[in-house]
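S.K.: The sequence shown maps to residues 1 to 310 in UniProt numbering. Ideal Cβ placement from N, Cα and C applies to all residues, glycine included. Encoded as structure tokens, here's the structure I'll be asking about.
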Amino acid sequence: MGGFSGGAKRLGGQRKGSLAGTDQSRAGRCVLHGPFLVPPAGLSDACRPSHPIWTAREGDKMPSDIAAQPRTAPTGPRIPLPPPFDLIRTDHRDVLAHAARLAPDHGAGTLVLHQSPGLLAFAVVLEPEQVLAEARQAFILGMAALADTLAAHCPPERPVCIHWPDLLLYDAARIGGGRLAAPDHCAEDAVPEWLVFGVELIADRDHLDETGLYPDSTSLREEDFDPAEDIVSTFASYLMLYFDRWTHTGFDAVTDAFIRRIGPDLPTGQRRIEACRLIETTAGGVVCDYPTLRDALSQQGWRDDAGPRL
Numbered sequence: 001m002g003g004f005s006g007g008a009k010r011l012g013g014q015r016k017g018s019l020a021g022t023d024q025s026r027a028g029r030c031v032l033h034g035p036f037l038v039p040p041a042g043l044s045d046a047c048r049p050s051h052p053i054w055t056a057r058e059g060d061k062m063p064s065d066i067a068a069q070p071r072t073a074p075t076g077p078r079i080p081l082p083p084p085f086d087l088i089r090t091d092h093r094d095v096l097a098h099a100a101r102l103a104p105d106h107g108a109g110t111l112v113l114h115q116s117p118g119l120l121a122f123a124v125v126l127e128p129e130q131v132l133a134e135a136r137q138a139f140i141l142g143m144a145a146l147a148d149t150l151a152a153h154c155p156p157e158r159p160v161c162i163h164w165p166d167l168l169l170y171d172a173a174r175i176g177g178g179r180l181a182a183p184d185h186c187a188e189d190a191v192p193e194w195l196v197f198g199v200e201l202i203a204d205r206d207h208l209d210e211t212g213l214y215p216d217s218t219s220l221r222e223e224d225f226d227p228a229e230d231i232v233s234t235f236a237s238y239l240m241l242y243f244d245r246w247t248h249t250g251f252d253a254v255t256d257a258f259i260r261r262i263g264p265d266l267p268t269g270q271r272r273i274e275a276c277r278l279i280e281t282t283a284g285g286v287v288c289d290y291p292t293l294r295d296a297l298s299q300q301g302w303r304d305d306a307g308p309r310l
């Protein structure tokens, strides 16, 4: 799902279950312009992208049934996903690390999923065409897609918010967050072979004797979110939708969606993202600079080795 330059999303690639006859090399992989998908029921008509176009190397053909074929893990519940995605279930709790190990061979569109008591985690492999310093902006896109996904699958009266840049809050309580991985030793001015955007959500807190002793966190189960399979399916569609908007409208369309989710509300003043940094200006002219995206992602204070902190 890379190809951020010019907005193209490289999701094709020669992987198990992908298009036959496609070159295994990075240059030979298919390129997807716009979201080629059947949006799940969780998306409103306003969110349903139109005019899907599949652009591949000359001679490659799109199987007639692939658009309607939901991707299904052989050992798990059926999860409808857009055709560019390949679902891989894993027992590894650290899906970011597992997806990073798979990325060189499996390529863009690989979606790694882990479900266990207390944790819902998934990660998507991307393939950018930009240097790392610019491609890192895909994290902002991923967080906007994640926040909109949760908002579509929870009771509507409570807000889903982002705390710059990676913490996700539901009604002011920590429910999870996002992560990003790139190849080791990739320079800021070099194009990474892959990126991985990862998500970790608190699925439940059933193992806690007294959840009231942990008021700073909550869980999908406690807040009556829709099933995990619906969340994963909708996230994949929102991810493609925002890449499509990046392509046809510009990155401002993505940052606008992200900024709308930043909490708490800023009734007077302005927020903007500039040089991968959140900047707030109050009505009185006071400017607050947050850490750069690169620096902030290196901290990950919302989680520990076991997953999201409770």
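What residue range is occupied by the uninterrupted alpha helix (DSSP H) comprising E134?
M.R.: Here the question's residue 134 lines up with position 134 in the sequence shown. Its alpha helix (DSSP H) spans residues L132 to A135.
S.K.: Go ahead and pull the three-state DSSP assignment for R272.
M.R.: Taking the first residue of the sequence shown as position 1, residue 272 is located at position 272. Here R272 sits in strand by DSSP.
S.K.: For the stretch 87 to 147, list the alpha helix (DSSP H) runs that are entirely contained and at least 4 residues long, ordered along the chain.
M.R.: 95 to 106 and 132 to 135
S.K.: Roughly how far, in whole angstroms, is the beta-carbon of L146 from the beta-carbon of A187, given that I think they are within contact range, below 8 angstroms?
M.R.: Within the sequence shown, the letter at position 146 stands for residue 146. Within the sequence shown, the letter at position 187 stands for residue 187. Going by Cβ atoms, the distance from L146 to A187 rounds to 28 angstroms, so no, they are not a contact pair.
S.K.: Excluding the five sequence neighbours on either side, which residues of its own chain have a C-beta within less than 7 angstroms of the C-beta of F85, listed in chain order?
M.R.: In the sequence shown, residue 85 corresponds to position 85, counting from 1. Cβ within range, chain order: R71, G109, L111 and A236.
S.K.: Between A253 and E229, what straight-line distance do the alpha-carbon atoms span, to the nearest angstrom?
M.R.: In the sequence shown, residue 253 corresponds to position 253, counting from 1. In the sequence shown, residue 229 corresponds to position 229, counting from 1. So the alpha carbons of these two residues sit roughly 27 angstroms apart.
S.K.: Compare the beta carbon distance of A144 and Y238 with 9 angstroms and say whether it is the shorter of the two.
M.R.: Locating residue 144 in the sequence shown gives position 144, counting from the first residue. Locating residue 238 in the sequence shown gives position 238, counting from the first residue. Cβ distance < 9 angstroms, so A144 and Y238 count as in contact.
S.K.: Checking 9 angstroms against the spacing of the C-beta atoms, do R272 and L195 come in under that value?
M.R.: Residue 272 sits at position 272 when you count from the first residue of the sequence shown. Residue 195 sits at position 195 when you count from the first residue of the sequence shown. Not in contact: R272 and L195 (Cβ atoms no closer than 9 angstroms).
S.K.: I'd like to know whether the C-beta atoms of E200 and G307 end up nearer to each other than 9 angstroms.
M.R.: Within the sequence shown, numbered from 1, the residue matching residue 200 stands at position 200. Within the sequence shown, numbered from 1, the residue matching residue 307 stands at position 307. Yes, these two residues count as a Cβ contact at 9 angstroms.
S.K.: Considering V232, what are the terminal residues of the alpha helix (DSSP H) in which it resides?
M.R.: Here residue 232 corresponds to residue number 232 of the sequence shown, with the count starting at 1. Run containing V232: A228 to H248, per the alpha helix (DSSP H) assignment.
S.K.: Can you tell me the Cα-Cα spacing of L102 and T90, whole angstroms?
M.R.: Translated into the one-based positions of the sequence shown, residue 102 becomes position 102. Translated into the one-based positions of the sequence shown, residue 90 becomes position 90. Whole-angstrom Cα-Cα distance: 11 angstroms.
S.K.: For a quick check, are the C-beta atoms of A203 and G118 less than 9 angstroms apart?
M.R.: Here residue 203 corresponds to residue number 203 of the sequence shown, with the count starting at 1. Here residue 118 corresponds to residue number 118 of the sequence shown, with the count starting at 1. In this structure, G118 lies closer than 9 angstroms to A203 by Cβ.
S.K.: Could you check what DSSP says for P176 in three-state terms: helix, strand or coil?
M.R.: Here residue 176 refers to the residue found at position 176 of the sequence shown. Per the sequence shown, residue 176 should be read as Gly rather than Pro. Strand.
S.K.: If distances are taken between C-alpha atoms only, which option among R93, L126, Q115 and H92 comes closest to D105?
M.R.: Your numbering for residue 105 matches position 105 in the sequence shown. The shortest C-alpha separation from D105 is found at L126.
S.K.: Below 6 angstroms CB to CB, which residues in the same chain sit around G76 once its five sequence neighbours on both sides are set aside?
M.R.: For the purposes of this step, residue 76 is taken as residue 76 along the sequence shown, with counting starting at 1. Closer than 6 angstroms at Cβ, skipping near neighbours: R89.
S.K.: Within 10 angstroms of the Cβ of T149, are there 16 or more other Cβ atoms? Answer buried if so, exposed if not.
M.R.: Counted from its first residue, the sequence shown places residue 149 at position 149. Buried, by the Cβ-count rule.
S.K.: My assumption, with CB atoms under 8 angstroms, is that residue 319 sits in contact with V95. Please give the rounded CB distance.
M.R.: Any question about residue 319 goes unanswered here, given that the chain covers just 1 to 310.
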